[in-house]
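To start, the structure under review is shown below, and the notes come after it.
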Amino acid sequence: SDTYEALTPETLGQRLGGIDALTRRIGPDATAWTVREVGDGNLNLVFIVEGTAGTAIVKQALPYVRLVGESWPLPLNRAFFEYHALTRQAARDPGRVPEIYHYDEAQALIVMEYLNPHIILRQQMMAGRRVEGLGRTLGEFCARTAFRGSDLCMQTRQKKADVALFSDNVDLCDITENLVFTDPYFDAEMNRHTSPQLDGVVAELRQDQQLKIVAQHFKRAFTAKAETMCHGDLHTGSIMVTDHEAKIIDPEFAFYGPMGFDIGMLLGNYLMAFLAMPGHIGDEAERAAYQDWLLEVIGETWTVFAAEFENLWHSERTGILYPKTLYEDQGHHPASDAALREVIGEIFIDALAIAGIEMHRRVLGLAHIAEFDTIEDAEKRAPLEEKALRLGRTLVLGRAGFAGIDQVIAAARRADKG
Ligand code: SR1
Ligand code: MG
Numbered sequence: 003s004d005t006y007e008a009l010t011p012e013t014l015g016q017r018l019g020g021i022d023a024l025t026r027r028i029g030p031d032a033t034a035w036t037v038r039e040v041g042d043g044n045l046n047l048v049f050i051v052e053g054t055a056g057t058a059i060v061k062q063a064l065p066y067v068r069l070v071g072e073s074w075p076l077p078l079n080r081a082f083f084e085y086h087a088l089t090r091q092a093a094r095d096p097g098r099v100p101e102i103y104h105y106d107e108a109q110a111l112i113v114m115e116y117l118n119p120h121i122i123l124r125q126q127m128m129a130g131r132r133v134e135g136l137g138r139t140l141g142e143f144c145a146r147t148a149f150r151g152s153d154l155c156m157q158t159r160q161k162k163a164d165v166a167l168f169s170d171n172v173d174l175c176d177i178t179e180n181l182v183f184t185d186p187y188f189d190a191e192m193n194r195h196t197s198p199q200l201d202g203v204v205a206e207l208r209q210d211q212q213l214k215i216v217a218q219h220f221k222r223a224f225t226a227k228a229e230t231m232c233h234g235d236l237h238t239g240s241i242m243v244t245d246h247e248a249k250i251i252d253p254e255f256a257f258y259g260p261m262g263f264d265i266g267m268l269l270g271n272y273l274m275a276f277l278a279m280p281g282h283i284g285d286e287a288e289r290a291a292y293q294d295w296l297l298e299v300i301g302e303t304w305t306v307f308a309a310e311f312e313n314l315w316h317s318e319r320t321g322i323l324y325p326k327t328l329y330e331d332q333g334h335h336p337a338s339d340a341a342l343r344e345v346i347g348e349i350f351i352d353a354l355a356i357a358g359i360e361m362h363r364r365v366l367g368l369a370h371i372a373e374f375d376t377i378e379d380a381e382k383r384a385p386l387e388e389k390a391l392r393l394g395r396t397l398v399l400g401r402a403g404f405a406g407i408d409q410v411i412a413a414a415r416r417a418d419k420g
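Basically the numbering used here = 1-based index in the sequence shown + 2.
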């Protein structure tokens with residue numbers, strides 16, 4: 003039927019069991035499918051479906067924000083944007099996003115590959131477990147999607163059509179515009195911080211006029227710097243991992259924005275995982291080793307991003323920006339290299355500011371992260387959250403003064419030491 007109806011574990015088999023693409027994947031007899039609702043995110047229903055032939059994930063949008071409830075209505079069309087983003091990401095970095103088996107616009111649902119035995123990267127990090135090649139995978143993903151979705155690579159008609167398509171993702175962008183770029187910097191109704199011990203530093207941040215100016219500068223970049231199709235919500239809850247691989251999920255917040263947006267949000271989440279570690283690994287030596295690994299991942303993610311971006315700059319620059327003819331660039335022409343350095347430098351600065359802003363909103367805003375919230379003892383939690391707030395401010399205000407990722411890592415080490 004075309005009328006939207008939320009699925010339940012009881013109705014799912016009967017409602018999707020007639021779709022060939024699914025019976026082929028899961029099993030011919032839908033009455034034999036087992037269905038579990040496992041959604042623990044802020045917005046959607048998520049079901050794991052298992053049958054005699056295989057498995058699938060069914061993700062369905064709800065007409066409201068799950069985290070808050072029916073009092074906050076939210077359009078269903080986020081499934082449309084997630085579907086379109088997934089297809090583009092699959093083309094731009096093959097194998098890095100789940101395969102789509104079926105999409106139903108009216109029911110706002112996507113049936114896709116069940117990544118198993120993967121778990122959410124945030125959980126993996128809280129458990130102190132490494133992921134082989136994580137920095138490489140994420141650096142490549144961010145570079146390939148940033149570059150290949152931009153005017154550096156796409157044909158201008160196609161790129162402008164995509165800008166128009168994703169510009170309708172108004173409601174999810176509105177969430178980011180408010181929850182990320184504005185609410186943390188004033189006494190907004192939905193804000194919450196979990197410890198009164200933070201009242202002092204929160205008041206300090208909210209009186210910091212320079213910080214507000216920069217946050218609004220980057221909100222302007224978010225709304226107007228339509229460089230590439232961003233994932234839009236690339237935190238460590240949007241990455242699924244085993245010990246040996248990482249896949250990227252959940253691009254429903256996709257929008258056209260700054261090339262530094264995704265990698266910036268990711269760096270902010272890595273940094274918070276790093277600072278939260280005393281709440282998760284008790285043994286000092288074990289914790290120090292794991293924190294070293296997290297910093298290596300930070301370094302590698304950025305270094306691989308820059309290297310892959312450079313590689314694509316030389317091999318796939320087919321769009322309207324920095325055309326090779328302008329530099330007579332058959333190889334590494336010096337002017338082309340200088341232009342590349344300028345572009346990457348700007349992406350780095352944008353990314354650091356976004357990282358810092360993300361760190362603020364995850365402590366002060368509505369949507370928190372498990373790394374901090376699961377530390378029950380407020381005396382232990384609050385100082386770690388304060389470190390994140392202060393490092394966030396250093397990144398936002400000092401964004402143009404970092405000579406490279408090593409200096410960011412050094413700042414993270416200083417913040418951790420307190
Ligand atoms: C009301 S939605 C809150 C947050 O959850 C999503 O994952 C995004 O990060 C959003 O900002
Ligand atoms: Mg999500």
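The beta carbon of each residue, even a glycine, is placed where N, CA and C say it ideally should be.
Among the options, the one whose alpha carbon lies nearest that of residue i
{"i": "TYR2", "options": "VAL37, PRO30, PHE307 and ARG90", "result": "Since the first residue of the chain shown is 3 and the last is 420, residue 2 is not available in this structure."}
{"i": "GLU247", "options": "HIS219, LEU136, LEU268 and ALA353", "result": "LEU136"}
{"i": "GLY266", "options": "GLY406, PHE307, ASP189 and ALA353", "result": "ALA353"}
{"i": "GLU114", "options": "ARG132, ILE215, CYS155 and ILE250", "result": "Contrary to the premise, residue 114 reads as Met rather than Glu in this sequence. Among ARG132, ILE215, CYS155 and ILE250, the Cα nearest to that of MET114 is on ILE250."}
{"i": "ASP106", "options": "ASP264, ILE411 and PHE83", "result": "PHE83"}
{"i": "VAL88", "options": "MET231, TYR6, ILE177 and GLN199", "result": "It should be pointed out that residue 88 corresponds to Leu in this sequence rather than to Val. Taking only the C-alpha atoms, the option nearest LEU88 is MET231."}
{"i": "GLU7", "options": "ASN44, GLY29, GLY56 and TYR66", "result": "TYR66"}
{"i": "LEU76", "options": "CYS144, PHE350, ASP173 and VAL306", "result": "ASP173"}
{"i": "SER240", "options": "GLN16, PRO100 and ASP31", "result": "PRO100"}
{"i": "ASP153", "options": "ALA402, PRO260 and GLY347", "result": "PRO260"}
{"i": "GLY358", "options": "GLY400, ILE349, TYR324 and ALA308", "result": "GLY400"}
{"i": "ASP379", "options": "TYR292, ARG363 and HIS282", "result": "HIS282"}
{"i": "ASP185", "options": "ASP170, ARG208 and GLY406", "result": "ARG208"}
{"i": "ARG131", "options": "ALA369, THR196, VAL365 and GLN293", "result": "GLN293"}
{"i": "PHE149", "options": "PHE374, ILE356, ASP375 and ILE349", "result": "ILE349"}
{"i": "VAL121", "options": "THR327, LEU323, THR238 and ILE346", "result": "Looking at the sequence itself, residue 121 is Ile, so the reference to Val does not match. Of THR327, LEU323, THR238 and ILE346, the residue nearest in Cα terms is THR238."}
{"i": "GLY284", "options": "MET128, PRO119, ALA108 and ALA63", "result": "MET128"}
{"i": "PHE188", "options": "PHE168, ALA166 and GLN211", "result": "GLN211"}
{"i": "CYS155", "options": "LEU181, ARG363 and GLU318", "result": "GLU318"}
{"i": "CYS175", "options": "GLU254, LYS326, LEU323 and GLN218", "result": "GLU254"}
{"i": "ALA166", "options": "ALA256, ARG27 and ASP375", "result": "ALA256"}
{"i": "SER343", "options": "ASP201, THR25 and GLU312", "result": "Position check: residue 343 holds Arg in this sequence, whereas Ser was assumed. The shortest C-alpha separation from ARG343 is found at GLU312."}
{"i": "SER169", "options": "ILE59, GLU229 and LEU323", "result": "GLU229"}
{"i": "VAL133", "options": "ASP252, SER73, GLU179 and VAL299", "result": "VAL299"}
Residue i and residue j closer than 8 Å at C-beta
{"i": "GLU310", "j": "ARG146", "result": "yes"}
{"i": "ARG2", "j": "ALA402", "result": "Because the chain here runs from 3 to 420, residue 2 falls outside it and cannot be looked at."}
{"i": "THR10", "j": "GLY29", "result": "no"}
{"i": "THR158", "j": "GLY321", "result": "yes"}
{"i": "LEU268", "j": "LEU236", "result": "yes"}
{"i": "ALA110", "j": "LEU78", "result": "yes"}
{"i": "ASP245", "j": "CYS144", "result": "no"}
{"i": "ILE407", "j": "TRP304", "result": "yes"}
{"i": "LYS221", "j": "PHE183", "result": "yes"}
{"i": "THR193", "j": "LEU18", "result": "The residue you asked about is not Thr; residue 193 is Asn in the sequence shown. No; because the gap between Cβ atoms is not below 8 Å, this pair is not in contact."}
{"i": "GLY234", "j": "ILE356", "result": "no"}
{"i": "ARG363", "j": "LEU64", "result": "no"}
{"i": "ALA108", "j": "ASP22", "result": "no"}
{"i": "ARG94", "j": "GLY151", "result": "yes"}
{"i": "ALA308", "j": "ILE346", "result": "yes"}
Other residues of its chain near residue i: CB distance less than 8 Å, five sequence neighbours each side excluded
{"i": "MET361", "result": "GLY270, LEU273, MET274, ALA390, LEU391, LEU393, GLY394 and LEU397"}
{"i": "PRO280", "result": "ARG289, LYS382 and LEU386"}
{"i": "TYR329", "result": "HIS335, ALA337, SER338 and ALA341"}
{"i": "ASN468", "result": "The structure shown does not extend to residue 468, since the chain spans only 3 to 420, so no value can be given for it."}
{"i": "SER197", "result": "ALA380, ARG383, ALA384 and GLU387"}
Contacting residues, own chain, Cβ-Cβ under 7 Å from residue i (five flanking each side not counted)
{"i": "ALA417", "result": "LEU277, LYS389, ARG392 and LEU393"}
{"i": "PHE404", "result": "LEU354 and VAL410"}
{"i": "ARG138", "result": "GLU302 and VAL306"}
{"i": "LEU297", "result": "PHE276, ILE411 and ALA414"}
{"i": "ILE112", "result": "LYS61, ALA81, GLU84, TYR85, ILE102 and TYR105"}
{"i": "VAL2", "result": "With the chain covering only 3 through 420, there is no way to say anything about residue 2."}
{"i": "LEU117", "result": "PRO100, MET242 and LYS249"}
{"i": "GLN199", "result": "ALA380 and ALA384"}
{"i": "LYS326", "result": "ARG319"}
Contact set for residue i: own chain, Cβ-Cβ below 6 Å, skip 5 residues either direction
{"i": "PHE224", "result": "GLY259"}
{"i": "GLY41", "result": "LEU47 and VAL48"}
Practice task
Can you list the residues near the ligand MG, meaning Cβ strictly closer than 7 Å to any non-hydrogen atom, in the order they appear in the chain?
Solution key: Result (chain order): GLY43, ASN44, LEU45, ASP235, GLY239, SER240, ASP252 and GLU254.
Exercise for the section: Write down every uninterrupted run of the beta strand (DSSP E) in the region 74-147 whose length is 3 residues or greater and which is fully enclosed by it, in chain order. Expected result: 102-106 and 111-114, all fully within the region 74-147.
Exercise for the section: Note down, one range per segment and in chain order, each alpha helix (DSSP H) of at least 4 residues found wholly within the region 260-322. Expected result: Look at the region 260-322 and you find these whole runs of alpha helix (DSSP H), each 4 residues long or longer: 263-278 and 286-317.
Problem - Uninterrupted beta strand (DSSP E) stretches inside the region 177-240 (no shorter than 3 residues) - result: The region 177-240 contains these whole beta strand (DSSP E) runs: 230-232.
Exercise for the section: Please go through the region 8-84 and give each complete alpha helix (DSSP H) segment of 4 or more residues, from N-terminal end onward. Expected result: List check, alpha helix (DSSP H) in window: 11-18 and 22-28.
Handout entry: 4-residue-minimum alpha helix (DSSP H) runs that sit fully inside the region 331-401, ordered along the chain
Key = The region 331-401 contains these whole alpha helix (DSSP H) runs: 336-366, 372-375 and 380-400.
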